[in-house]
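Participant:
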């Protein structure tokens, strides 16, 4: 799957 | 940060305040599923293992708030107002949820590291963590108004996150498939609850 650069959501 | 995400987070905060207020005011946790609250505590602890990583003051404070309040709610239910909790109403088997989510997280993740697998696990678990609560409601057949407000705030939080993702997709080219799929399932569970509740 697409990888977000980092987890910034809560 | 956009309007949808901020409002969603605030609804999430509100849901916790509503729950705490209900327990403190009525001095009772009747109608609240301990198992759902336990799952939420597991969700927050496993997701925020990256707490030392700095994103923003907002991010850090919210993480601390969610971990602290979820554990405090467990304390209220299991120690302070223990007598008002009826385990015979709270019979959903969470072992299956925990096992299935862990298995899914081990298979479908962004990278196979300890923190990343547990983060993914928390995303999957959050999607289904409300099931013991919904199961309890369907068994007792009736929810106190305040419990409905709690569920409404939680449902609004999830719905707004969907709008936030659409917004971020178009404005930031942001994509997070794992969170989207789990979030869509989670929102569907709440919609089902609202539909049933609305019809009643």
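Protein chains in written order, with our numbering: chain A, 3 to 12; chain B, 10 to 209.
Yeah, the Cβ is synthetic: ideal placement off N, Cα and C, and Gly gets one too.
This one's a predicted model, so the numbers in the text were calculated from it and none came from an experiment.
Can you name, in chain order, every residue of its own chain whose Cβ lies under 6 Å from the Cβ of residue 128 of chain B, other than the five neighbours on each side?
Facilitator: Closer than 6 Å at Cβ, skipping near neighbours: 56.
Participant: Could you give the DSSP three-state label for residue 18 of chain B: helix, strand or coil?
Facilitator: Helix.
Participant: Give me the Cα-Cα distance between residue 151 of chain B and residue 196 of chain B, rounded to the nearest whole angstrom.
Facilitator: Roughly 22 Å separates the two Cα atoms.
Participant: Using a C-beta to C-beta distance shorter than 9 Å, which residues of chain A count as neighbours of residue 7 of chain B?
Facilitator: Given that chain B is displayed from residue 10 to residue 209, the structure contains no residue 7 of chain B and the question cannot be resolved.
Participant: Going by CA-CA distance only, name the one from B/154, B/193, B/189 that's closest to residue 206 of chain B.
Facilitator: Closest by alpha carbon: B/154.
Participant: Flag residue 184 of chain B as yes if its beta-carbon sits less than 8 Å from any beta-carbon of chain A, otherwise no.
Facilitator: So yes, residue 184 of chain B belongs to the interface.
Participant: Closer than 8 Å, CB to CB, is residue 11 of chain B near chain A or not?
Facilitator: No - not a single Cβ of chain A is within 8 Å of the one on residue 11 of chain B.
Participant: Kindly indicate which three-state DSSP category residue 6 of chain A falls into: helix, strand or coil?
Facilitator: Residue 6 of chain A: coil per DSSP, three-state reduction.
Participant: Apart from the five residues on each side of it in sequence, which residues of its chain come closer than 7 Å, Cβ to Cβ, to residue 13 of chain B?
Facilitator: 169, 172, 173, 176, listed in sequence order.
Participant: Is the region 116 to 127 of chain B close to the region 70 to 84 of chain B, with three or more CB pairs under 8 Å?
Facilitator: Taking 8 Å as the limit for Cβ pairs, the verdict is that the region 70 to 84 of chain B does not touch the region 116 to 127 of chain B.
Participant: Ordered along the chain, which non-local residues of its own chain (more than five positions away) have a Cβ less than 8 Å from that of residue 23 of chain B?
Facilitator: Closer than 8 Å at Cβ, skipping near neighbours: 162.
Participant: Rounded to whole angstroms, what's the CA-CA distance from residue 78 of chain B to residue 43 of chain B? Just pull it up for me.
Facilitator: Spanning the two alpha carbons is a distance of roughly 14 Å.
Participant: What are the residues of the region 116 to 142 of chain B that lie near chain A, defined by any Cβ-Cβ distance shorter than 8 Å?
Facilitator: Flagged, chain order: 117, 119, 120, 128.
Participant: Thinking C-alpha only, which one of B/134, B/91, B/106, B/32 is nearest residue 190 of chain B?
Facilitator: The shortest C-alpha separation from residue 190 of chain B is found at B/134.
Participant: Name the chain A residues that come within less than 9 Å of residue 64 of chain B, Cβ to Cβ?
Facilitator: Going along chain A in sequence order, the residues near residue 64 of chain B (Cβ under 9 Å) are 8, 9, 10.
Participant: Hey, how far is the Cα of residue 85 of chain B from the Cα of residue 180 of chain B?
Facilitator: If you take the alpha carbons of residue 85 of chain B and residue 180 of chain B, they lie about 42 Å apart.
Participant: Does the beta-carbon of residue 109 of chain B have 16 or more other beta-carbons within 10 angstroms, so that it is buried, or is it exposed?
Facilitator: Exposed: under 16 other Cβ atoms inside 10 Å.
Participant: Rounding to the nearest angstrom, what Cα-Cα distance links residue 137 of chain B and residue 59 of chain B in this structure?
Facilitator: The straight-line gap from Cα to Cα measures roughly 22 Å.
Participant: Is the beta carbon of residue 54 of chain B sitting closer than 8 Å to the one on residue 25 of chain B?
Facilitator: For residue 54 of chain B and residue 25 of chain B, no; Cβs fall outside 8 Å.
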